[in-house]
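These notes concern the structure reproduced below.
Numbering (my numbering), first residue to last: 1 to 124.
Below is the structure:
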């Protein structure tokens, strides 16, 4: 993605975050956790160049002409292919633990579990 296009997307994303107070629960949830969801997307998919979390979580990848999209935070969290990449052999236990939490607590727990892994990247 060229620099001017990425800057425009970031500007639009900034405007969306400024309007966050009037967003639906799902939009606000995605915006509040954009850094975490972006880190997961970058770990799950090779060559990610940009991630934006609004109503959906969208991303671009090198050598892919169309953006990728994940419909919701829970779609991202509970996708078994993504979960296997993130949690490795313990993915089923992690998903069961996350499923037992209501969404606001789930996001807090997800953040703790994601960055608490021995092989986890450091948060930005």
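We treat Cβ as the ideally placed atom computed from N, Cα and C, and that holds for glycine.
| Asked | Found |
| --- | --- |
| Within 8 Å, strictly: CB atoms of residue 9 and residue 50 | yes |
| Simplified DSSP assignment, three categories, for residue 101 | coil |
| Between the CA atoms of residue 107 and residue 33 - distance to the nearest angstrom | 8 Å |
| Burial state of residue 122 (16 or more Cβ within 10 Å) | exposed |
| For residue 50: DSSP bridge partner residues | 60 |
| Proximity below 8 Å, CB of residue 60 to CB of residue 67 | yes |
| Among 40, 63 and 79, nearest to residue 113 - alpha-carbon criterion | 40 |
| Per-residue burial, residue 37 [other beta carbons within 10 Å of its own, 16 or more giving buried] | buried |
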